[in-house]
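Report on one structure; see the data block that follows.
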Amino acid sequence: MFQNYLKLRIVKILDKLKIKYSKADNISLKYPSPEFGDYATNAALVLSKKNKIKPMILAKRIAVRLAKDKKVDKVKVAKPGFVNITLKKKLYREVLQTIQEENSEFGSDKQFGQNKKVLVEFVSANPTGPLNIVNARAAAFGDTFVRLLKFLGYNAYSEFYINDAGNQVDILVESVELRYRQLSGESIIYPEEAYQGEYIKNIALKIYLKYGIKLLNLSKKERFNELLENSLNIVLNEQVKDLKKFNVTFDNWISERKLRDKGYIEDVLTYLAEKGYTYEKDGAIWFTSSKFGDDKDRVLMKTDGNVTYFVPDVAYHLTKYERGYELLYDLFGPDHQGHVPRLKAAITALGYPADILKIIYLQQVNFFSKGKKIKMSKRKGAIYRMRNLIEEVGTDVARFFFLMRRANSHLDFDIELAKTQSVENPVYYVQYAHARICSIIRKAKMKNFTLNKFKPDYLQRLKEKLEFQIIRELSRFPEILKIAAITTELNILTQYLTDLATLFHNYYHKIPIINSDDTELTMARLYLISSVKIVLVNCLHLLGISAPKKM
RNA sequence: GCCCCAGUAGCUCAGUUAGGAUAGAGCAACGGUUUCCUAAACCGUAGGUCAGAAGUUCAAGUCUUCUCUGGGGCACCA
């Protein structure tokens with residue numbers, strides 16, 4: 020909370036001392052280990068050479084001035100030239116008051132995002148079957164990321180792109196038709212190329228219950244369209260249901276079919292051709308993507324007259340630009356990485372800035388059950404459904420597990436571990452900290468301690484080292500959120516929660532919070548732990564995880 | 001062959017917009033804590049050539065180059 024303030028102070032001091040500095044010097048202001056103080060800066064180390072002053076001497080000069088600041092308690096200079104800053108205890112108390120006043124808004128900073136219009140696209144699964152556990156990681160990550168951006172003052176939207184056109188959809192309809200015919204009494208050998216999953220039978224059954232054998236009387240084209248509409252609806256509804264169970268909602272749904280109907284495909288082909296970025300070879304139409312940083316040129320239209328998957332995707336991304344977003348995030352699996360250079364090439368070719376498109380790669384998730392890796396193949400119907408995962412381990416646990424690791428790391432998800440409700444499971448650890456605080460507050464109420472009678476002066480009674488450590492951790496929350504948003508490393512949030520929970524559990528064991536003989540001290544401590552509660556709740560909420568009052 | 005990601009304790013992983021001080025957690029191992037607000041917890045001990053090498057720097061797990069190992073990607077599939 021005080022980082023900005025101290026940064027400005029240091030800059031002012033450097034000016035006064037006539038010390039040369041620039042942004043490139045990377046002056047840091049970090050949280051050192053507690054023994055050194057609250058903040059530490061390397062300014063003297065970084066600037067000594069440029070200004071021809073020994074680091075220790077420069078550090079001392081900075082320290083002397085900094086010590087006079089009204090928020091600073093003491094400043095110490097250490098070994099090579101660090102300046103360690105300790106803030107006044109009064110500020111610690113103000114942190115708690117800020118948290119209580121801002122409550123569910125604590126940590127938010129509407130200035131930070133400057134209302135920038137941001138789009139985050141994720142999941143975007145084919146509507147050819149239920150969502151699987153690979154989609155689940157993207158769902159957890161994307162949803163949390165959007166919540167975070169919104170909290171930080173971005174005008175952020177989540178979007179699901181429905182790939183409801185092309186080959187796979189045709190196979191879906193054909194598969195459903197065969198199952199439908201089987202239900203109608205025809206004896207049909209179900210081919211291997213068709214989708215094998217049980218869900219195809221369910222779709223066919225639903226359609227059969229709705230229409231009976233009526234569809235068989237329709238023309239081939241009409242039947243296809245009926246089956247298509249119905250199948251897509253059923254599958255999409257199921258996907259939405261699963262996402263809802265996973266606490267994931269989307270602001271926008273975009274249909275590829277509708278983009279095609281509106282003529283966006285032809286537009287892309289025309290634009291590229293007009294600019295001279297296409298040519299014909301071997302009966303296909305190619306895009307000169309190699310001119311824009313791609314390895315080689317890519318086919319836009321195949322010899323059979325159909326466009327490749329690439330074209331509607333470009334069309335779709337164009338709409339993102341046309342809709343006025345200033346920052347775009349795509350969450351992709353590792354299998355899409357080869358696809359990105361050509362996408363960016365097309366965007367550049369069409370005159371849009373490709374650099375505002377940020378790709379976040381979510382590495383593969385390996386699921387283990389009883390030490391064995393679970394294998395999946397959609398075609399064979401051997402999928403591990405997102406719904407099954409939610410039913411097995413619960414939304415809270417699943418979301419937390421997905422967000423424990425960096426996006427760039429492969430994730431080993433141990434189902435058995437996730438199911439255990441014990442120490443090993445970090446989710447329970449964090450939630451339990453919250454439940455425990457609620458329990459203490461309940462207990463306190465029974466003994467007639469409520470915060471209604473609280474007075475700020477009572478906070479002066481907080482003197483324990485651990486209490487200051489906790490407040491220090493709480494004061495970091497707003498900065499933690501910003502770092503997470505900028506780096507797109509959401510594991511910082513789960514990490515933070517675990518750290519805060521540890522501090523609290525620790526405190527609980529060492530220091531009795533309710534002390535019937537000392538009302539003021541009890542009040543102060545209740546105020547402290549209810550502040551911890553607020554931060555836990557706010558952070559859990561960003562992660563889409565519940566904060567139970569009892570466990 | 002080319003491109004992307006990873007390699008840190010026995011295991012799973014952190015190590016932060018920006019290179020800083022003695023590299024941290026959890027699990028597993030070993031030892032301890034229960035008249036007390038939830039033991040779903042807490043405390044302590046042990047555990048490391050940060051894959052390897054060279055370089056840049058006052059300072060490298062972090063940056064650069066090379067090598068090794070693992071995963072993924074290199075379609076007129078989506």
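Under the numbering used here, the first residue of the first sequence is numbered 20, with each subsequent residue one higher. In this text, a Cβ means the ideal position worked out from N, Cα and C, and glycines have one as well.
Residues that DSSP places opposite residue i in a beta bridge
i, result
"THR60", "LEU48 and VAL102"
"LEU138", "TYR176 and LEU347"
"ASN385", "ASP431"
"THR322", "Partner(s): none; THR322 has no beta bridge."
"ARG404", "ASN151"
"ALA97", "PHE101"
"VAL91", "LEU106"
"ASN271", "GLU178"
"GLU299", "ILE304"
"ARG317", "PHE306"
"LYS392", "PHE387"
Cβ-Cβ distance between residue i and residue j below 9 Å
i, j, result
"LEU191", "SER127", "no"
"VAL449", "LEU559", "yes"
"ALA463", "LEU545", "yes"
"ALA159", "PHE101", "no"
"ILE393", "GLU275", "no"
"LEU150", "ARG491", "no"
"THR322", "ALA303", "yes"
"GLY324", "TYR218", "no"
"ARG418", "PHE265", "yes"
"LEU516", "LEU500", "no"
"ALA223", "GLN201", "yes"
"VAL287", "ALA364", "no"
"ILE460", "PHE386", "no"
"GLU345", "LYS135", "yes"
"PHE329", "LEU350", "no"
"TYR477", "ALA520", "no"
Boundaries (first-last residue) of the beta strand (DSSP E) holding residue i
i, result
"ALA520", "Segment 510 to 529 is the alpha helix (DSSP H) holding ALA520; no beta strand (DSSP E) there."
"THR506", "It is not in any beta strand (DSSP E) - THR506 instead sits in the alpha helix (DSSP H) that spans 484 to 506."
"ASN534", "No beta strand (DSSP E) holds ASN534; DSSP gives it neither H nor E."
"ALA303", "303 to 306"
"LEU376", "376 to 380"
Local Cβ density within 10 Å of residue i, reported as buried at 16 or more and exposed below that
i, result
"SER494", "buried"
"LEU470", "exposed"
"ILE46", "buried"
"ALA62", "buried"
"MET320", "buried"
"ILE564", "buried"
"PRO331", "buried"
"ASP270", "exposed"
"THR297", "buried"
"ALA157", "buried"
"LYS284", "Correcting the residue type first, residue 284 is Ile in the shown sequence and not Lys. Buried: at least 16 other Cβ atoms inside 10 Å."
"THR541", "buried"
"GLU196", "buried"
"ILE76", "exposed"
"ALA504", "buried"
"GLY357", "exposed"
Endpoints, alpha helix (DSSP H) assigned at residue i
i, result
"TYR340", "329 to 341"
"PHE131", "129 to 132"
"ILE456", "445 to 465"
"LEU470", "Unbroken run through LEU470: none, as it is neither H nor E."
"GLU193", "186 to 202"
"SER550", "538 to 562"
"SER206", "Per DSSP, SER206 belongs to no alpha helix (DSSP H) and is neither H nor E."
"ILE72", "Premise fails: ILE72 is in no alpha helix (DSSP H) and is neither H nor E."
"PRO360", "359 to 368"
"ILE232", "Looking at the DSSP string, ILE232 is not in any alpha helix (DSSP H), and its letter there is neither H nor E."
"SER250", "239 to 264"
"ILE284", "283 to 293"
"TYR24", "22 to 35"
"ASP415", "414 to 422"
Please confirm if the segment 127 to 145 is in contact with the segment 161 to 173, defined as three or more CB-CB distances below 8 Å between the two stretches. Yes, they touch.
Decide if the segment 116 to 131 is in contact with the segment 540 to 552; the criterion is three or more beta carbon pairs, one per stretch, under 8 Å apart. Touching, per the Cβ criterion.
Cβ contact (3+ pairs, closer than 8 Å) linking the segment 379 to 389 and the segment 415 to 431: Cβ pair count under 8 Å is three or more, so yes.
Examine the Cβ distances between the segment 245 to 264 and the segment 313 to 325 and report whether three or more of them are shorter than 8 Å. By the Cβ test, the segment 245 to 264 is not in contact with the segment 313 to 325, since fewer than three Cβ pairs between them sit closer than 8 Å.
Is the segment 365 to 377 close to the segment 229 to 240, with three or more CB pairs under 8 Å? Contact between the segment 365 to 377 and the segment 229 to 240 is absent: fewer than 3 CB-CB pairs across the two stretches fall below 8 Å.
Can you confirm whether the segment 472 to 490 touches the segment 30 to 50 when touching is taken to mean that 3 or more C-beta pairs between the two stretches lie within less than 8 Å? In this structure the segment 30 to 50 does not lie against the segment 472 to 490, because fewer than three pairs of beta carbons, one per stretch, are closer than 8 Å.
Would you check if the segment 24 to 33 and the segment 80 to 96 touch, i.e. whether three or more CB-CB distances between them fall below 8 Å? Touching, per the Cβ criterion.
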